[in-house]
Structures are given as C-alpha cells and as structure tokens.
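>
There are 2 protein chains.
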Amino acid sequence: MERRRGAELEAVLLDAAWDELMESGYARLTMEAVAARAHTGKQVLYRRWRNRAELVVAAMRHRTGSIIGDIPDTGSLRDDVLAVLQRMADRFATLGPDVVHGLLAEVPDLDPEVHTRMSGVMATIVKHAAERGEIPTADVPDRVLTAATNLLRHEMLFARDPLPASALTSLVDDIFLPLVSGRPGRSS
Amino acid sequence: MERRRGAELEAVLLDAAWDELMESGYARLTMEAVAARAHTGKQVLYRRWRNRAELVVAAMRHRTGSIIGDIPDTGSLRDDVLAVLQRMADRFATLGPDVVHGLLAEVPDLDPEVHTRMSGVMATIVKHAAERGEIPTADVPDRVLTAATNLLRHEMLFARDPLPASALTSLVDDIFLPLVSGRPGRSS
DNA sequence: ACTCCTTAGAGACGATGCGTCTCTTACGGA
DNA sequence: TCCGTAAGAGACGCATCGTCTCTAAGGAGT
Chain Z
30 MERRRGAELE AVLLDAAWDE LMESGYARLT MEAVAARAHT GKQVLYRRWR NRAELVVAAM
90 RHRTGSIIGD IPDTGSLRDD VLAVLQRMAD RFATLGPDVV HGLLAEVPDL DPEVHTRMSG
150 VMATIVKHAA ERGEIPTADV PDRVLTAATN LLRHEMLFAR DPLPASALTS LVDDIFLPLV
210 SGRPGRSS
Chain V
30 MERRRGAELE AVLLDAAWDE LMESGYARLT MEAVAARAHT GKQVLYRRWR NRAELVVAAM
90 RHRTGSIIGD IPDTGSLRDD VLAVLQRMAD RFATLGPDVV HGLLAEVPDL DPEVHTRMSG
150 VMATIVKHAA ERGEIPTADV PDRVLTAATN LLRHEMLFAR DPLPASALTS LVDDIFLPLV
210 SGRPGRSS
C-alpha cells in the first residue's frame with residue numbers, strides 16, 4: 030500500500046474535507062466521512078486539527094487562499110466598490126449559508142482578521158477616489174468605510190434566496206456613495 | 030403527585046427552557062436538562078415542539094413577548110433611532126452571541142418577520158421626522174431605513190466583546206442621519 | 001360515583017458522531 | 001540494516017438526539 034505523508038497527505042485531507050463540505054454542508058460533515066473519503070483514519074485528522082471546525086477552516090483557506098485578493102482599481106469608485114462586493118457575494122455563494130452559519134456558531138474568532146482587511150481595502154479604494162477628485166475627502170469614519178461590505182454580509186447571512194442583482198448596486202448607490210461623496214441619497 | 034396540564038404545564042416547560050438557555054447557552058442546552066428542570070419527561074417536550082430549536086424559539090417568544098414593543102416617539106429623530114438601537118442592543122445582551130449564532134445556524138427562517146417589522150418601525154419614525162420638518166422627505170429606500178439596525182445586528186453578531194457606547198451614536202450620526210437628511214456625513 | 005380516555009411523568013432504547021486509544025506496519029533517516 | 005515516527009484502520013466510551021413503552025393521574029361523560 031502506498032502510504033501518503035507530509036504535505037501531500039495534508040492536501041488530500043483538506044481536499045476531502047472541502048468536497049465533503051460542498052456535498053453535505055457544514056452541519057452534516059462528519060470526521061468519519063472525511064477520513065473515509067481520504068482513505069485514512071480519523072486519527073490522522075485529529076493529529077492535525079483539534080476538531081471539526083478547525084479542519085473546515087483549514088480546508089477553506091487551502092481551497093480559496095487569501096480571503097481577499099488584490100485591491101480593485103478600475104478608475105471609478107463605484108466600480109471598485111462593486112467589484113469588492115461582487116467578490117464577497119461570489120465567495121459566499123460557493124460556500125452557502127449553512128457553512129457560514131455553522132462556522133459562525135462554532136468559531137467566533139473567525140471574523141476580526143477579515144474585518145480589518147476589509148477596512149483596509151475600502152480605505153485604499155476611497156483614497157484613490159479622493160486623489161482622482163471623485164470625492165471631496167478620503168477622511169471617512171471606519172463605520173462608513175465598512176458600511177457596504179457589512180450590510181452585504183448581513184444580507185447574505187439572513188437571505189434565504191440568492192441575492193437579487195439589484196442588491197449590490199443599491200448598497201453602492203443608496204448607501205455607500207451618498208455617505209462618502211457627501212451628497213443626498215437618492216429617494217426610492 | 031400534582032400533575033400539571035395545558036397552559037400551566039406549557040409555561041413551566043418554557044420557563045425551564047429559558048432558564049437552561051441563560052445558564053448553559055444554546056450549544057449546551059439539552060432536552061434532558063430542560064425536562065429534568067421541569068420535573069417531567071422528554072416526551073412532554075417532543076409532544077409540543079419537534080426539536081430543540083423550536084423549543085428555544087418558543088421559550089424566547091414566551092419570555093420576551095413581541096420582538097419589538099411600541100414605536101418610540103420622542104420628538105427627535107435622533108433620539109427615536111437611538112431608542113430603537115438601544116432596545117436591540119439590550120435584547121441581544123440578555124441573549125448572548127452563543128444563542129443567536131446557534132439559532133441562526135439551525136433556524137434559518139427566523140429572520141424575515143423581524144426584518145419587515147423593523148422596516149415598518151423605522152419607516153414610521155422617519156415619517157414623523159418628516160412631518161416635523163426635521164428631514165426633507167420620508168421617501169427613503171428600504172435599505173437606508175434598515176441600514177442602522179442591520180449594521181448594529183451585524184456588529185453584535187461578530188462582536189466578541191460588549192459593544193462600546195459609541196457604537197450606537199456612531200451608527201446614527203455617521204450613517205443614518207446623513208443618509209436621511211441628505212447632508213454630508215461627518216468626517217472622522 | 002364509576003368508567004374511560006387522554007396524556008403526564010419517567011426512563012429504556014437505538015442511532016449517530018464526537019474525540020480518544022490501541023494496534024500493526026510502511027517507510028524515511030541514520 | 002535498524003529504528004522511530006506516523007499512517008491506516010477501527011474499537012471504544014461518552015453524550016445526546018429523537019422514539020418508544022409503560023404506568024397511573026385526573027378531567028369528561030354518564
């Protein structure tokens with residue numbers, strides 16, 4: 030029997046966990062199933078991750094790499110923000126609400142890193158826009174910077190159905206742009 | 030042995046569930062424990078609620094009644110909104126993140142009712158403000174109406190520590206009021 | 001007052017799945 | 001070649017879910 034080791038084995042384990050996650054969701058993912066899919070025993074999993082939650086988080090990081098890639102710079106503030114929101118929506122769509130809810134319940138420490146990174150991304154985008162003269166100032170409160178992304182995350186957490194296409198544009202046009210451009214929001 | 034029945038028994042069951050929820054949180058709440066605390070058997074619980082999640086939701090409704098009481102009307106838009114946010118924060122504080130996360134994971138259908146009600150409350154508050162002349166118009170997109178409450182919920186869901194007092198005022202002054210008054214947001 | 005019928009109270013039961021433990025054996029390093 | 005680490009496999013104990021079973025309390029009906 031060929032026996033896997035080290036990084037090679039680890040990749041197989043994480044792939045198995047990811048596949049299981051996609052097939053069964055978080056609530057129904059069992060360590061037994063992951064081990065079986067990887068043709069190994071549970072101990073091999075528990076030797077690396079302390080519990081199901083850690084395994085799933087590792088599988089996600091392994092599969093999707095960095096939480097957020099590079100910072101969009103399209104030359105238009107609106108398009109930049111839309112690009113960020115679109116990425117979030119795509120990411121969430123592949124995971125599904127079940128996974129996010131499950132992780133949220135069991136891994137409360139998952140978020141802060143994401144939040145600070147998001148905040149940084151938005152700050153950069155806003156700075157670019159201010160340099161172009163699109164908006165009067167890049168000096169914007171953190172809550173405003175993250176308002177659109179946080180609202181999107183909120184909607185995705187509670188939405189039962191896929192988000193309508195209008196959701197992203199509404200967040201940008203009704204919320205974000207009015208706040209950073211210092212202009213009245215459009216009325217409905 | 031005195032044997033409880035009907036509404037009387039149901040109240041005892043729901044109180045037991047609530048106490049257990051406060052003591053152990055959602056993740057550690059077991060049907061056995063609730064039954065034992067109410068001095069009865071599990072079947073009595075399962076005869077009324079199909080699973081743990083339904084029992085907990087029923088216990089919450091029983092304890093805290095309607096999700097939102099009356100609509101604040103202080104004569105000031107800012108104070109009205111702050112009052113709503115304060116109520117949300119209080120409610121969440123008594124429940125704790127564990128309970129909310131757990132329910133979110135197991136009862137995805139919990140939200141829509143809350144959302145529409147929240148939307149209605151904010152619409153009324155805004156209408157009053159417009160009638161007083163505090164803001165130019167009550168014709169505000171739904172996403173703007175619910176922006177503050179949704180952002181607060183988002184922060185509470187992800188916050189590890191109790192919210193700082195400034196969170197509520199920041200949501201009102203940096204986000205909500207600028208959006209509905211059609212004026213620039215303050216800079217940080 | 002007597003009977004019946006629902007269901008409370010109590011707990012056994014099977015199933016599931018976690019996380020631990022044990023055992024054998026492949027294989028890389030010295 | 002020898003040895004030690006860890007892979008592969010699965011048994012194990014424990015917790016808890018949700019179901020089933022049994023006895024008897026106490027209203028409802030005559």
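Protein chains in written order, with this note's numbering: chain Z, 30 to 217; chain V, 30 to 217. Beta carbons: idealized from backbone N, C-alpha and C, even for Gly.
When burial is assigned at 16 or more other CB atoms within 10 Å of the CB, is Ser216 of chain V buried or exposed?
Here residue 216 of chain V is taken as the residue at index 187 of the second sequence, counted from 1. Residue placement at Ser216 of chain V is poorly supported in this model, since its pLDDT is 43, which falls under 50; the coordinates are not used for a value here.
> At a cut-off of 7 Å, would you count Asp108 of chain V as near the ligand NAD, judging by its Cβ distance to the nearest heavy atom?
The ligand NAD is absent from the structure shown, which contains no ligand whatsoever.
> Does the beta-carbon of His68 of chain V have 16 or more other beta-carbons within 10 angstroms, so that it is buried, or is it exposed?
Within the second sequence, the letter at position 39 stands for residue 68 of chain V. Exposed.
> List the residues of chain V whose Cβ lies closer than 9 Å to the Cβ of Arg189 of chain Z, in chain order.
Position 160 of the first sequence, counted from the first residue, corresponds to residue 189 of chain Z. Neighbours of Arg189 of chain Z on chain V, chain order: Pro137, Asp138, Asp140 and Pro141.
> Cβ closer than 8 Å: which chain Z residues qualify as neighbours of Arg172 of chain V?
Position 143 of the second sequence, counting from 1, holds the residue named residue 172 of chain V. What Arg172 of chain V touches in chain Z: Leu180, Ser199, Leu200, Asp203 and Ile204.
> Does any CB atom of chain V fall closer than 8 Å to the CB of Leu208 of chain Z?
Taking the first residue of the first sequence as position 1, residue 208 of chain Z is located at position 179. Chain V, which has a Cβ nearer than 8 Å to the Cβ of Leu208 of chain Z, makes this yes.
> Does Leu43 of chain V come within less than 8 Å of chain Z when only Cβ atoms are used?
Residue 43 of chain V sits at position 14 when you count from the first residue of the second sequence. Closer than 8 Å: no.
> Ignore the nearest five residues each way along the sequence and tell me which others in Gly214 of chain V's own chain have a CB closer than 7 Å to its CB.
Along the second sequence, read from residue 1 onward, the residue named residue 214 of chain V stands at position 185. Low confidence applies to Gly214 of chain V: its pLDDT is 46, below 50, so where it sits in the model is not reliable enough to give any reading.
> How big is the Cα-Cα spacing for Ala40 of chain V and Ala88 of chain V?
On the second sequence, position 11 is the one that residue 40 of chain V refers to. On the second sequence, position 59 is the one that residue 88 of chain V refers to. Taking the straight line from one Cα to the other gives about 9 Å.
> Please report whether the beta-carbon of Leu133 of chain Z lies at a distance below 8 Å from any beta-carbon of chain V.
Walking along the first sequence from the start, residue 133 of chain Z turns up at place 104. By this cut-off, Leu133 of chain Z is an interface position.
> Could you give the distance in angstroms between the alpha-carbon of Ala167 of chain Z and the alpha-carbon of Lys156 of chain Z?
For the purposes of this step, residue 167 of chain Z is taken as residue 138 along the first sequence, with counting starting at 1. For the purposes of this step, residue 156 of chain Z is taken as residue 127 along the first sequence, with counting starting at 1. Looking at the two C-alpha atoms, the distance is approximately 5 Å.
> I'd like to know whether the C-beta of Pro193 of chain V is nearer than 8 Å to at least one C-beta of chain Z.
Residue mapping note: residue 193 of chain V aligns to position 164 of the second sequence, counting from 1. Judged by the 8 Å Cβ criterion, Pro193 of chain V is not in contact with chain Z.
> At 4 residues or longer, what runs of the alpha helix (DSSP H) sit wholly inside the segment 77-164 of chain V?
Those alpha helix (DSSP H) runs which fall completely within the segment 77-164 of chain V and span 4+ residues are 81-93, 106-124, 126-135 and 140-161.
> Tell me the residue span of the alpha helix (DSSP H) that contains Tyr75 of chain Z.
As a first step, residue 75 of chain Z is located in the first sequence; it is residue number 46 there, counting from the start. Tyr75 of chain Z -> alpha helix (DSSP H) spans Lys71 to Tyr75.
> 8 Å is my cut-off, CB to CB: does His157 of chain Z come that close to chain V?
For the purposes of this step, residue 157 of chain Z is taken as residue 128 along the first sequence, with counting starting at 1. No, no contact with chain V.
> Compare the Cα-Cα distances from Val113 of chain Z to each of Z:Met51, Z:Asp190 and Z:Ala176 and report the closest residue.
Taking the first residue of the first sequence as position 1, residue 113 of chain Z is located at position 84. Closest option to Val113 of chain Z, Cα to Cα, is Z:Ala176.
> Which whole-angstrom value is the C-beta distance of Val85 of chain V and Tyr55 of chain V, which I expect to be below 8 Å?
The count along the second sequence starts at 1 and reaches residue 85 of chain V at position 56. The count along the second sequence starts at 1 and reaches residue 55 of chain V at position 26. Confirmed, about 6 Å.
> In whole angstroms, what separates the C-alpha of Trp47 of chain Z from that of Ser53 of chain Z?
On the first sequence, position 18 is the one that residue 47 of chain Z refers to. On the first sequence, position 24 is the one that residue 53 of chain Z refers to. Rounded to whole angstroms, Trp47 of chain Z to Ser53 of chain Z spans 10 Å at the Cα level.
> Considering only their Cβ atoms, is the gap separating Ala45 of chain V from Arg32 of chain V smaller than 8 Å?
Stepping through the second sequence from its first residue, residue 32 of chain V is reached at position 3. Stepping through the second sequence from its first residue, residue 45 of chain V is reached at position 16. No, Cβ-Cβ distance for Arg32 of chain V and Ala45 of chain V is not below 8 Å.
> How should Val173 of chain Z be labelled, buried or exposed, when 16 other C-beta atoms within 10 angstroms of its C-beta is the threshold for buried?
Position 144 of the first sequence, counted from the start, is the residue given in the question as residue 173 of chain Z. Its Cβ being crowded by 16 or more others within 10 Å, Val173 of chain Z is buried.
> Which bits of chain Z does Ala82 of chain V rub up against, with CB to CB less than 8 Å?
Taking the first residue of the second sequence as 1, we reach residue 82 of chain V at position 53. Those do not exist, as Ala82 of chain V stays about 12 Å from chain Z at its closest Cβ, beyond 8 Å.
> Would you please verify whether the beta carbon of Ala176 of chain V is less than 8 Å from any beta carbon of chain Z?
Stepping through the second sequence from its first residue, residue 176 of chain V is reached at position 147. Yes, Ala176 of chain V lies at the interface with chain Z (some Cβ there is under 8 Å from its Cβ).
> Using the Cα positions of Thr145 of chain Z and Ala152 of chain Z, report the straight-line distance between them to the nearest angstrom.
Here residue 145 of chain Z refers to the residue found at position 116 when the first sequence is read from its first residue. Here residue 152 of chain Z refers to the residue found at position 123 when the first sequence is read from its first residue. Thr145 of chain Z and Ala152 of chain Z: Cα-Cα distance of roughly 10 Å.
> Can you tell which of V:Val73, V:Leu132 and V:Pro126 has the C-alpha that lies nearest to the C-alpha of Ala82 of chain V?
Along the second sequence, one-based indexing puts residue 82 of chain V at 53. Nearest C-alpha to Ala82 of chain V: V:Leu132.
> Please classify Val63 of chain Z: does DSSP put it in a helix, a strand, or coil?
Here residue 63 of chain Z refers to the residue found at position 34 of the first sequence. Helix.
> According to DSSP, simplified to helix, strand and coil, what is Asp44 of chain Z?
Position 15 of the first sequence holds residue 44 of chain Z. Of the three classes helix, strand and coil, the one that applies to Asp44 of chain Z here is helix, per DSSP.
> Is there at least one Cβ from chain Z nearer than 8 Å to Pro126 of chain V's Cβ?
The sequence position of residue 126 of chain V within the second sequence is 97, counting from 1. Yes - at least one Cβ of chain Z is within 8 Å of the one on Pro126 of chain V.
> Could you give the DSSP three-state label for His68 of chain Z: helix, strand or coil?
Residue 68 of chain Z sits at position 39 when you count from the first residue of the first sequence. Looking at His68 of chain Z - three-state DSSP - the assignment turns out to be coil, as it is neither helix nor strand.
> Looking only at its own chain, which residues have a Cβ that is under 7 Å from the Cβ of Ala159 of chain V, when we skip the five neighbours before and after it?
Here residue 159 of chain V is taken as the residue at index 130 of the second sequence, counted from 1. The residues are Thr166 and Ala167.
> If I follow the unbroken alpha helix (DSSP H) through Ala173 of chain Z, where does it start and stop?
Here the question's residue 173 of chain Z lines up with position 144 in the first sequence. One detail in the question is off: residue 173 of chain Z reads as Val in this sequence, not Ala. Per DSSP, Val173 of chain Z belongs to the alpha helix (DSSP H) from Asp171 to Leu174.
> List, in order along the chain, the chain Z residues whose C-beta lies closer than 9 Å to that of His183 of chain V?
For the purposes of this step, residue 183 of chain V is taken as residue 154 along the second sequence, with counting starting at 1. By Cβ distance, chain Z contributes Asn179, Leu180, Arg182, His183 and Leu186.
> Using a Cβ-Cβ cut-off of 8 Å (strictly less than) and excluding sequence neighbours within five positions of Asp127 of chain V, which residues of its own chain qualify?
Translated into the one-based positions of the second sequence, residue 127 of chain V becomes position 98. Contacts found: Gly54, Tyr55 and Ala56.
> Could you tell me whether any Cβ in chain V is nearer than 8 Å to the Cβ of His91 of chain Z?
Walking along the first sequence from the start, residue 91 of chain Z turns up at place 62. Not an interface residue.
> For a contact defined as C-beta to C-beta under 9 Å, what are the partners of His68 of chain Z on chain V?
Taking the first sequence and counting its residues from 1, the one referred to as residue 68 of chain Z is at position 39. Going along chain V, no residue has its Cβ under 9 Å from His68 of chain Z, so there is no contact; the nearest lies around 30 Å.
> Residues in the same chain with beta-carbon distance under 6 Å from Arg58 of chain Z, minus the five sequence neighbours each way, listed in chain order, please.
The residue labelled residue 58 of chain Z in the question sits at position 29 within the first sequence. Per the sequence shown, the amino acid found at residue 58 of chain Z is Leu instead of Arg. Excluding residues within five positions, the ones whose Cβ falls inside 6 Å are Glu49 and Leu50.
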